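Mapping the sequence shown onto this note's numbering, position 52 (from 1) lands on 64, and the numbers just tick up by one.
Report on one structure; see the data block that follows.
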Amino acid sequence: AKTKRCFDAVSAATSAASLFGLIGAICSLFCIPIVGTAADHFGRRPLLIFSFICSKVPTLTLLCVAYADVSIYYFFAALMITAMVPSTMLFWFWINDCTTPDERVRMFGRLSALTNLEGIATPLFVILVHGKHAVILLACVRLAAVLTVICFVPESRPPASLRSSLCANGRLAFLSRWQGVSKLCSDKSLRSFLPLAFVAAGTGAGINAIALFFCKAKFGLTRETFAPYVSVGTVSNAIVQLILIQPLFRMMGLRGLFAFSLVAGSVNCILYALVPSPGWLYLLAGLSGFPNVGVPAIQALMSNLSESVPGMTPGVALGALQAVQSLIMILIPPVFQGIFAIAAREHVLLSLPFLVAAVCNVICLVVLLCLPKSYFPDSE
13 AKTKRCFDAV
23 SAATSAASLF
33 GLIGAICSLF
43 CIPIVGTAAD
53 HFGRRPLLIF
63 SFICSKVPTL
73 TLLCVAYADV
83 SIYYFFAALM
93 ITAMVPSTML
103 FWFWINDCTT
113 PDERVRMFGR
123 LSALTNLEGI
133 ATPLFVILVH
143 GKHAVILLAC
153 VRLAAVLTVI
163 CFVPESRPPA
173 SLRSSLCANG
183 RLAFLSRWQG
193 VSKLCSDKSL
203 RSFLPLAFVA
213 AGTGAGINAI
223 ALFFCKAKFG
233 LTRETFAPYV
243 SVGTVSNAIV
253 QLILIQPLFR
263 MMGLRGLFAF
273 SLVAGSVNCI
283 LYALVPSPGW
293 LYLLAGLSGF
303 PNVGVPAIQA
313 LMSNLSESVP
323 GMTPGVALGA
333 LQAVQSLIMI
343 LIPPVFQGIF
353 AIAAREHVLL
363 SLPFLVAAVC
373 NVICLVVLLC
383 LPKSYFPDSE
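Now the structure itself:
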């Protein structure tokens, strides 16, 4: 596991993922406003169905990789399609249409938990069904997801609002989504908070991107032996998001919830850096759900505060949030992958990315605690 060949392979894999991630970020930044406008014009449901169908392209490519010896780089390229038509943003719109402000943290938490169910199903399939047959089962699960959206997700926009928002004041409505980014920055509280939120969210995404490579280089784990830890982590996230996040929100408010996520993220990164053996990874996976409470807090805060910004609507705010977040959360993971690739290639401290992430979270926490509580509704 610690041979030069292993380190070189890990370095090459992370470098390829970084390149495709950067291309996907650039593409998604331009596609998201168009997708958001189409969701306003044609409705949330048609775009959700289209998004879920597009997300099956990587699965089909993976089948070709497994059974037709197609290059894995085609799979990386196919993943960029899911970034261009983000189902997560469309579900944000759907939740905002259907909920009141005090319900949004809970609903965004449920969305986070349910979208991670694949983190339980896929590793179990890998454990129970070895080899290429696991890819077929994964394709079946994703087909079931498409059918679920078609059969059980209703349209959330009123009929009178559909097919009436493509143009506004003589300009294409999607331009307002680009303007939404500048409008977000016009509000002092959002301008102070958003950089912290994006750095923290991107840091978490960066750590997730290198976790398998780290465990492979340090402990010799494969996808099959790493799968149980992913399942435990997904169960932890589901428990936190479905059961604990609403009580935590009532006790701490949005500001406290985000601070709690930063503390939990820092502790988790430090423990990951010091983990002595694979057995301890089960404990870390069990605690990994707590740093994720910050994501629904960010989404709820954006949705709630957008109503107080002149000229801003929740749809424009969430669309702008998705555009910027998709860019940062795809750009930051390649940074961590690059740090790890250098560490693996030079045979230096493999846990360096986790220490960098812990420092970033601590800095964000200190800045957050310096911000006035008035910036955060329901934080008193």
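The beta carbon of each residue, even a glycine, is placed where N, CA and C say it ideally should be.
Nothing here was measured: the structure is a model prediction, and the numbers come from that model.
For Gly277, the enclosing alpha helix (DSSP H) begins and ends at 257-286. The alpha-carbon separation between Ser99 and Gly48 amounts to approximately 11 Å.
One thing to note: Ile222 has its Cβ no nearer than 7 Å to the Cβ of Pro70.
Looking at Leu206, Val97, Gly36, the one whose alpha-carbon comes closest to that of Ala312 is Leu206.
In this structure, the straight-line span from the alpha carbon of Val371 to that of Pro166 is close to 43 Å.
Runs of the alpha helix (DSSP H) spanning 4 or more residues and lying entirely within the region 50-85 occur at 56-66, 69-80, in chain order. Around the C-beta of Tyr294, fewer than 16 other C-beta atoms lie within 10 Å, and the residue is accordingly described as exposed. Contact between Asp109 and Arg56 holds, since their C-beta atoms are separated by about 7 Å, short of 8 Å. In chain order, Ala285 place their CB closer than 6 Å to the CB of Ser363, counting only its own chain and leaving out the 5 sequence neighbours on each side. DSSP places Val165 outside both helix and strand once states are collapsed to three, so it counts as coil.
With contact defined as three or more Cβ pairs closer than 8 Å, the region 154-166 and the region 31-41 are not in contact. The alpha helix (DSSP H) runs of length 4 or more contained entirely in the region 357-385 are, from start to end of the chain, 364-382. Per DSSP, Tyr241 is one residue of the alpha helix (DSSP H) stretching across 235-251.
The three-state reading of DSSP puts Lys144 in coil, since its state is none of H, G, I, E or B.
CA-to-CA, the gap between Gly214 and Ile340 works out to about 6 Å.
In this structure, DSSP gives Gly214 a helical state, which the three-state scheme calls helix.
In the three-state scheme derived from DSSP, where H, G and I count as helix and E and B as strand, Gly301 is classed as coil. Judged by DSSP in its simplified three-state form, Asn128 adopts coil rather than helix or strand. If you look at Leu102, you'll find it in the alpha helix (DSSP H) that goes 99-110. The shortest C-alpha to C-alpha distance from Ala276 to any of Thr111, Val307, His145 is the one to Val307. Arg116 counts as buried, since no fewer than 16 other beta carbons sit within 10 angstroms of its beta carbon. Take Phe210, set aside five residues on each side of it, and the residues of its chain with a beta-carbon closer than 6 Å to its own are Ile340, in chain order.
Using a Cβ distance threshold of 7 Å, Ala297 and Tyr241 count as a contacting pair.
Sixteen is the threshold: since fewer than 16 other Cβ atoms of the shown chains lie within 10 Å of the Cβ of Arg203, the residue is exposed.
In terms of CA proximity to Asn220, Asn280 leads the group Met92, Asp81, Phe87, Asn280. C-alpha of Tyr85 to C-alpha of Arg122: approximately 33 Å in a straight line. Here DSSP, grouped into helix, strand and coil, assigns Phe120 to helix. A residue is called buried once 16 or more other Cβ atoms fall within 10 Å of its Cβ, and Asp52 is buried on that count. Exclusion of the five residues before and after Ser83 leaves Val77 as the residues of its chain whose Cβ lies within less than 8 Å of its Cβ.
Taking the Cα positions, Leu59 is about 10 Å away from Phe103. Here Ala80 is exposed: its Cβ has fewer than 16 other Cβ atoms, across all protein chains shown, within 10 Å. With contacts defined by Cβ atoms closer than 7 Å, Ala309 and Phe270 form a contacting pair.
Here Ala125 is near Gln253, since their CB atoms are less than 7 Å apart.
Excluding sequence positions up to five before and after Val347, its CB lies within less than 7 Å of the CB of Gly218, all in the same chain and listed in chain order.
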